[in-house]
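Take a look at the structure set out below.
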Amino acid sequence: VQLQASGGGSVQAGGSLRLSCVASGMIFSINHMGWYRQAPGKQRDMVAGITSGGSTTYADSVKGRFTISLDNAKNTVYLQMNSLKPEDTAVYFCAATDTAWVGRSWGQGTQVTVSS
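For our numbering, add 578 to where a residue sits in the sequence shown, where the first one is 1.
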């Protein structure tokens with residue numbers, strides 16, 4: 579599975595961004611997809627996940643602000659990020675995961691910077 583992420587950028591606090599992740603290759607093998615982020619000096623944490631059936635899960639820190647969605651026709655997973663905060667600043671990665679949300683295939687990161 580190959581994953582190509584895009585959509586990062588710089589916004590002011592309160593702004594919005596939408597990240598996209600296009601999957602190619604052995605996409606039939608994908609059951610779960612997730613978005614993760616890693617801030618400088620911190621570990622990579624899961625932000626949101628979605629199953630092939632459309633069930634979603636979110637980190638507490640982004641609930642109510644971020645929405646993950648899946649477009650099967652386009653083999654694309656989105657992360658809509660609203661009401662962004664400076665603490666959302668990080669490199670965001672998409673991943674195809676196992677059922678325990680452990681990343682198995684990773685896209686390249688996309689930088690999100692939120693200024694106050």
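Every residue, glycine too, gets a C-beta built ideally from N, C-alpha and C.
Below 8 Å on the Cβ atoms is my guess for W679 versus G631; work out the distance and round it to an integer in Å.
Between G631 and W679 the Cβ distance is about 15 Å, and since that is not below 8 Å, they are no contact.
Rounding to the nearest angstrom, what Cα-Cα distance links T677 and N609 in this structure?
About 7 Å.
Specify, as a first and last residue, the run of the beta strand (DSSP E) that R596 falls within.
Taken as a continuous stretch (DSSP letters only), the beta strand (DSSP E) holding R596 covers 595–602.
For the beta strand (DSSP E) containing W679, list its first residue and its last residue.
Note, W679: premise wrong, no beta strand (DSSP E); not H, not E.
Between the C-alpha atoms of W613 and K620, what's the straight-line distance to the nearest angstrom?
Each residue's alpha carbon lies about 16 Å from the other.
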